[in-house]
Structure formats: C-alpha cells, structure tokens
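Here the structure is laid out as structure tokens; the discussion comes afterwards.
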C-alpha cells in the first residue's frame, strides 16, 4: 500500500468535499500521520471514510469529522484547548500543532492509556492526557477551545463555564439516528451564541450523562 497516496486520496476525495477548505487544516492533515495513531492491523484502514474500533467499546471519529472539527474551532497559537474524550489521540495531535497547550480528559483508563501512548510516541510535548470525567468536574480551569469527541443528549453547564470569552465549544448533540454538530461561542460573560453546523451521527461519549444540561 502506498501510504502517501492513500493520505492524498483521503484529503482530496473525503475531506475537501465536506466543506473543509482551510489551507492550514489541509496542510495539517498531510503532515500529522493519522496511521501512527492506530495499530499495524488498522494502519491501512486509517485513511478510509469510516470509524475504527479502539478500546473499551469506543469507535474512532472518521477523518472527515476530525477535519471539520479542526476547521470550525479554528485554534490559535495562544489558545488553551480541552478535548473531552481521548479517541485515538489523533484529534488532540492536530490541535496541538495549532494551539499553545492541549488537555485531554478521558474517563476510561484503557482509552486514556492508548491516547497517552500515541501522543508520546509521536513526540508531542504540549499535550496532557488525564484520567477523569469532564462532565462531572467542577469548572476549575478555563479554555479557549473545548471539543467533545462523542455525542451528548444535551450540553453540560460546566463546559460552558470553562470557556473564556471568545472561546468556542464544539459538540455533537442529540440521539441516534440524527444528531447535530454545534459550535457554541462565548461572546461575553453572560451571552453564548449557538450555531448548528451540520447533521451527523457519532457514538455516545463514554462518560455522557443525560441529566447534564446546558441552557442558552
């Protein structure tokens, strides 16, 4: 298998057609090696338009959703980022190339260990992978970007409280088979703007709790 040709095809045939046009994002996808975040048995599949099994019953996000997330949150070099749900660690790696620091919070220890090992193996020094439930934690830190990698029935209040003014929260909201990707921007201390981006369907966040809610 020609890995670089497969990467090129992924970008040109999957990513671009899904409204991802940012030169910076497309360059990141060409630079950060997605296959490095999957075992040898899955490396050839890492460029397919599909989710792949990780550990603890969790499925990875497909490449086109990872690319769209990166484009929508538009992380800056001064930004502090929180990723809720470790996935393979690849999304955090993409964000780490844009942002000042990335904190990944994962409630499943097996998935946390997988992502941490992948991050370390790829030489990323501005990513911290911690074990914990971001949906239950009180707001003790503030972030410019928050990304939730699995779906929620509603948006937890504590994630809102951790956004800096000007900060962006990307989240998948709803129940199967139809969910919406939403971008929520904190425009002031008290005002939040919600934008529906597109419809999709992704697996539920492992630590999601239905009673967590967010009111605009």
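In our numbering, the protein residues as written are 2 to 217.
Every residue, glycine too, gets a C-beta built ideally from N, C-alpha and C.
Review point. Which word fits residue 149, buried or exposed, when buried means at least 16 other C-beta atoms lie within 10 angstroms of its C-beta?
Key: Per the 10 Å Cβ criterion, buried.
Hey, is the segment 166-183 in contact with the segment 115-134, meaning 3+ C-beta pairs nearer than 8 Å?
In short, these stretches do not touch, since the Cβ pair count stays below three.
- Task: Say whether the segment 66-82 touches the segment 6-23, bearing in mind that this needs 3 or more beta-carbon pairs closer than 8 Å, one atom from each stretch.
- Result: Enough Cβ pairs lie closer than 8 Å, so yes.
(Q) According to DSSP, is residue 32 part of a helix, a strand, or is it coil? (A) Helix at residue 32.
In this structure, does DSSP put residue 156 in helix, strand or coil? Reduced to three states, the DSSP call for residue 156 is coil.
Residue from 61, 11, 56 with nearest C-alpha to residue 49: Minimum Cα distance to residue 49 is reached at 11.
Margin query: Going by C-alpha to C-alpha distance, which of 172, 168, 204, 174 sits closest to residue 190?
Written below: It is 168.
#### Entry: Collapsed DSSP secondary structure at residue 101 in the structure displayed
Reduced to three states, the DSSP call for residue 101 is coil.
Cα-Cα separation, residue 136 to residue 157:
For residue 136 and residue 157, the gap between their C-alpha atoms comes out near 6 Å.
Notebook entry, point to check: Which residues in the same chain as residue 31 place their Cβ atom closer than 7 Å to its Cβ, once the five residues preceding and following it in sequence are excluded?
Noted result: Once the five neighbours on either side are set aside, the close Cβ partners of residue 31 are 8, 12.
Item checked: Euclidean distance between Cα positions of residue 143 and residue 2 -> Each residue's Cα considered, the two are about 43 Å apart.
Spell out a yes or no on whether the segment 104-114 and the segment 193-210 are touching, meaning 3 or more CB-CB pairs, one atom from each, closer than 8 Å. In short, these stretches touch, since the Cβ pair count reaches three.
Query raised in the report: Does the distance from the CB of residue 38 to the CB of residue 119 come in under 8 Å?
Result: Yes, the Cβ-Cβ distance between residue 38 and residue 119 is below 8 Å.
### Task
Take the Cβ of residue 104 as the centre, count every other Cβ of all protein chains shown within 10 Å, and call the residue buried at 16 or more, exposed below.
With a 10 Å radius around the Cβ and a threshold of 16 neighbouring Cβ atoms, residue 104 comes out buried.
Spatial distance of residue 134 from residue 96 (CA atoms) | If you draw a straight line from the Cα of residue 134 to the Cα of residue 96, it comes to about 21 Å.
*Take residue 46 and list the residues in its own chain whose beta-carbon comes closer than 7 Å to its own, dropping the five residues that flank it on each side.*
These residues qualify, in order along the chain: 53.
Identity of the residue in 164, 186, 154 nearest residue 224 by Cα:
The shown model of the chain, from 2 to 217, leaves out residue 224, and the question about it has no answer.
Point to revise | Sequence-distant residues of its chain with Cβ nearer than 6 Å to residue 57 (five each side left out) | key: For residue 57, where only same-chain residues beyond five positions count, the Cβ hits under 6 Å are 109, 111, 112.
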